[in-house]
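Working notes, structure below.
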Amino acid sequence: MASDPIPVALAAPVAPSPLPRRPWVLPPAGLAVFYGRPETPRLFHYFLPRLLGEGKRVLCLDGANRFDPLLIARLARQRGIAAAEFNQRIRVARAFTCFQLTELLVRVPRFVETFAADALIVTALPDLYFDEDVRDRDASVAFRHALDALRALRPLPLGVAVFSDATSFATARSGGAAPRGAMFTQLAAQATELWRFALDGENGKLRLVGEKGCSPGLQTRGFSDVDHQIPRL
Amino acid sequence: MTLWLISPDQTRHRLIDRFTPAFYVSGPDAVLHRLRDAAARQPHALACRAAERMDLWEQRARPVLEIEVAHPNEFASWTRWVRQFDISLRLYNSDLMLASLYCWQRGVFPLARVEAEADEEGRILALECRDTEWAIDYDPPPLEILRVRLGGLKGIDPRHGSPFGQWTALEIEVDGRQMELDEAGEPAAVAFQHLLARHDPDLILSDWGDATILPKLREQAAKLRLPLTLNRDASAEIHESRARSYMSYGRILFKNSATTLFGRLHVDTQNSFIADKCDLSGLWELARITKLPVQYCARTSTGTGISYMQMELAWRDGVLIPEQKAEPEDPKPPDELLIADRGGLVFTPKTGFHANVAELDFVSEYPSIMARFNISPETVNCPCCPDAPRVPELGYRVCQKRRGITSRVVERLIAKRGELKKCSARLQAGILVASTGPPEGGRYTDRPCSAEAEKMQRYKLQRDALKWLLVCCFGYTGYKNARFGKIEAHEAINAVARETLLVAKEIAEDRGYEILHALVDSLYVQKAGATRGDYEALNAEIAARTQLPLAIEAIYRYVVFLPSRQFEDVPVPNRFFAVAEDGALKVRGLELRRHDTPPLVARMQQEVLEILAEAHDFPGYLAKLEEAREILRRCEESVADGSVAIEDLIVSKRLTREPREYRKANQTAIVAQQLFGSGVRLRPGQTVEYIITDSDNRVPNDRVRAYALWDGWFGYDRRKYTELLHDAFDPLALVRCENFPRANGRLPKSTGKTRLY
């Protein structure tokens, strides 16, 4: 008799798989911006195992509300690590408005005093600032404060990665001519690395294309079948 | 500020009160100095002074610049000026509704009884409030009301069109007289202007006045170059706001445009949740309590009401009111997030027929938790109480030193609602005594006289209005735009509620009761032979242990928990009906409670349930079922012979996207396209009404027809409507009972589409 399927994240630990290869690497310092696919804000999860496996600590400011504790648990088990171990090394705070995301960024120096993070992950920047219920000027001011807060993090030993879906938004507020259209450009200008997610036309697999500040050997990161943890898009 | 007062002799007075609202600015000292210098160059418009105000989150006084604006009309432009002065400045109390701020400052509220002294030019010299918003008994405002609606069906948006050419006349009721304004007589705008001039109503109460009637009347008057004095205050312009679609709890909703007046009120019952649900009595109660202007209060969400009540308390405490919600979530580990980010607890029901069941309900549970345990956004994980008791599961602390703003708001609301309940009970008891006592007054009565009935009804509507405020105050703690919201408070309330339900369940089970179903704040418990006294004892024990008010909502003769519509073996919460000891029905989740069910189907199910409600046990239920089949048969016949009124076949559905964004030709999409094609502009969240004409037709456009485009020659889909009747009836016929297996062992299985009868 067929039994009910057990949700993957709750299943018993699976056999450890080979560690992920080069593609899912975040820069140890500076500001890296990832964009290019609607799923981008969720893809940060796949960068976490390597960092956490190295014992690094990650602070995640989740404006996209995409943080998935069950996926983290699954990724830990795939590496034969207890989920609790990963959980100890992550802190997540969600933002539901652009003002909250700005406030979270402003508070990062205070957060790292109590939780010494090695990496900071931010999602939905500037996507959250496109909220049509927020006045253009208020959104612009909040975004400028957010950029200032990111800039203020430079002296800290903290690699910052922003995962944005801004370029695939199709609202009046995000278009190039709209007042908020320039936000992503401003963010990209401030970034030390700019990476675009793209689907390979031939095999439909995800790849990362370096567009700014990327080391020569890594300008295109392809993902092979060995990287079985690649999300199916 | 302009005030309209009605004196005891029914004279209307327009008075002006001097009012200088203030807002606050914080920022770097140097910038504040520059701002102060710049403001000093506007001596007739602004007055500045250094001040200190409390920061709610940091719990300390913060130096700010107080800027008082001489002319309230310029308030918004001066706040804009400060925002543009330097982006490092933060503004507080700067986007409040001035009418509410005026009420806070003057200690008055809309519809309050006041004593005013004014000079000959109508300038107020003194104003004293002789009323309190917390009063239980108050006279409804003595307003002259003009009611206006379009002839034809209520509830169908007239902008979608008019089936059979209906809605040609304006139906008016004023001063006890009814009349119609149609195309046969003078233009409606002219006739309406005559009525306004003759009766000078204080309130125009309309159906579809916001987006249709008043704009159309204005349009006609403008075309004819005739005056139309909708405003009583000639110095003000009529205010029209735009329609909009918005998301709420994962659903897309639509808010129609609004037409609001000055010197006179306009309430559109089709565009006012509270006036629709709680009538004018509920609206008056809400306007008094929240201190929101009546017309705004009628059209806004009850969440805004709660928000303004919080802000008033904050303002009185000298707390700075931020422009936007910026207080974010505290960072936490993923496993903690998983535990914290959960809602209420549900125990799925044991499906079937159950006799002698008690429903125990925590009274206003979530607000009661907020009040009883002082859970408010600023009291959760406060910096001042590191050793405070912890919230179960989450470990959050709750402040022990100060009372939270939200807790203070809800405790007042709970208290007033409780008092109204007691008044109703006293009135009811008085009526019962009168009805059973000797006929001293020469009259036996089993129903209250009209004045008493009216009062009881008013209490009920007031109570309902407060209930809507209480319902949303919990959700507002987690709402992204609530200025005093904080997600941890939302999570803490949920955690306490879950713990409370678990404690209640354990107590009941310890006492030998079976939990048939539990849903967030209510339990359905059963024990063979249990009496009301037993249930009351259980109720008292749970209330004492949980420290929250619990009440026996009802003891039911029987409850029938129905399974999922798709899978007959899967129990689902909140799909049941119950029959109380007095025969009253409680129905949840069945077709008759759904907004999209055609009236014919809903009525059939209601009639069937009323017959089933006469049963006392399962054999009786089965016997009544046979009787109820006659109702189904009658409805089937009327569908088959075409004698059903077309209005009884209307299906209402909400659009979830723009008409052109639908990718599949489902019924709603087809209707949206039909209306779009006939020039109707539809928005997500709006409701469309249609008739199913031929649901399986290969041509999508022939499957359904928008009701607004209905014409007599269309036929309806008899087979489909018969199927809908069966969908509503069959689950009631498939009910089982553990103690009474049917003679043939097993009932036939329903497979959704299979016809059993």
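Protein chains in written order, with our numbering: chain C, 1 to 233; chain W, 1001 to 1757.
Even glycine gets a Cβ: it sits at the ideal position worked out from N, Cα and C.
Bear in mind the structure is a predicted one, so any value in this text is a computation, not a measurement.
Check the Cα spacing between residue 1003 (chain W) and each of W:1262, W:1058, W:1048, W:1061: the tightest is with W:1262. When C-beta distances to chain C are compared with 9 Å, the residues of the segment 1303-1337 of chain W below that value are 1322, 1323, 1324, 1325, 1326, 1327, 1328, 1329, 1330, 1331, 1332, 1333, 1334, 1335, 1336, 1337, in chain order. In its chain, beyond the 5 residues on either side, 1281 have a beta carbon closer than 8 Å to the beta carbon of residue 1457 (chain W).
Chain-order list of chain C residues neighbouring residue 1480 (chain W): 96, 97, by C-beta distance under 7 Å. Apart from the 5 residues on each side of it in sequence, residue 1403 (chain W) sits with its Cβ closer than 7 Å to the Cβ of 1374 in its chain, given in chain order.
Counting only Cβ-Cβ distances below 8 Å, residue 115 (chain C) has contacts in chain W at 1331, in chain order. A direct Cα-Cα distance of roughly 15 Å separates residue 66 (chain C) from residue 34 (chain C).
With fewer than 16 other CB atoms across the displayed protein chains lying within 10 angstroms of its CB, residue 1223 (chain W) is exposed.
At a cut-off of 8 Å, the C-beta of residue 85 (chain C) has no neighbouring C-beta in chain W. Residues of the segment 48-65 of chain C with a C-beta less than 7 Å from any C-beta of chain W: 59, listed in chain order. Its chain contains 1602, 1605, 1606 as the residues whose beta carbon lies nearer than 6 Å to that of residue 1592 (chain W), once the 5 sequence neighbours on both sides are disregarded; these appear in chain order.
For residue 60 (chain C), the uninterrupted beta strand (DSSP E) run begins and ends at 58-62, by DSSP.
Around the beta carbon of residue 131 (chain C), 16 or more other beta carbons lie within 10 angstroms, which makes this residue buried. Between residue 1684 (chain W) and residue 1649 (chain W) the beta-carbon gap is near 25 Å, outside 8 Å, which marks them as no contact. Taking 9 Å as the cut-off between beta carbons, the residues of the segment 1080-1105 of chain W near chain C are 1080, 1083, 1084, 1087, 1088, in sequence order. One thing to note: residue 1353 (chain W) has its Cβ no nearer than 8 Å to the Cβ of residue 1629 (chain W). Non-local C-beta neighbours of residue 123 (chain C) in its own chain, meaning closer than 7 Å and more than five positions away in sequence, comprise 41, 44, 62, 63, 64, 66, 163, ordered along the chain. CA-to-CA, the gap between residue 1487 (chain W) and residue 89 (chain C) works out to about 22 Å. Here residue 1492 (chain W) is buried: its Cβ has 16 or more other Cβ atoms, across all protein chains shown, within 10 Å. Taking all protein chains shown into account, residue 1582 (chain W) has fewer than 16 neighbouring C-beta atoms within 10 Å of its C-beta and is therefore exposed. Separation of residue 1087 (chain W) and residue 99 (chain C) (C-alpha to C-alpha, rounded to the nearest whole angstrom) is 14 Å. Annotation for residue 1268 (chain W): the continuous beta strand (DSSP E) segment containing it runs 1265-1268. Under DSSP, the beta-bridge partners assigned to residue 1361 (chain W) are W:1522, W:1551. Taking residue 1721 (chain W) as reference, the option from W:1256, W:1294, W:1639, W:1392 with the minimal CA-CA separation is W:1639.
The alpha-carbon separation between residue 1237 (chain W) and residue 1274 (chain W) amounts to approximately 26 Å. Look at residue 1375 (chain W) here: in three-state DSSP terms it is coil, with no helix or strand label. Interface flag for residue 211 (chain C) against chain W is unset, since no Cβ pair is found closer than 8 Å. Think of a sphere of 7 Å around the beta carbon of residue 104 (chain C): the chain W residues whose beta carbon falls inside it are 1328, in chain order.
Around residue 109 (chain C), no beta-carbon contact reaches into chain W at under 7 Å, the shortest distance being about 13 Å.
Counted as a single uninterrupted DSSP element, the stretch harbouring residue 185 (chain C) is not any beta strand (DSSP E) but the alpha helix (DSSP H) occupying residues 183-190. Secondary structure note for residue 1145 (chain W): its beta strand (DSSP E) is the uninterrupted segment 1145-1150. Annotation for residue 1013 (chain W): the continuous beta strand (DSSP E) segment containing it runs 1012-1016. Closer than 8 Å to the CB of residue 137 (chain C) there is at least one CB belonging to chain W. Going by DSSP, residue 1245 (chain W) is part of no alpha helix (DSSP H) but of the beta strand (DSSP E) stretching over 1244-1248. Here DSSP, grouped into helix, strand and coil, assigns residue 1535 (chain W) to helix. In terms of Cβ geometry, residue 1653 (chain W) and residue 1597 (chain W) do not form a close pair [threshold 8 Å].
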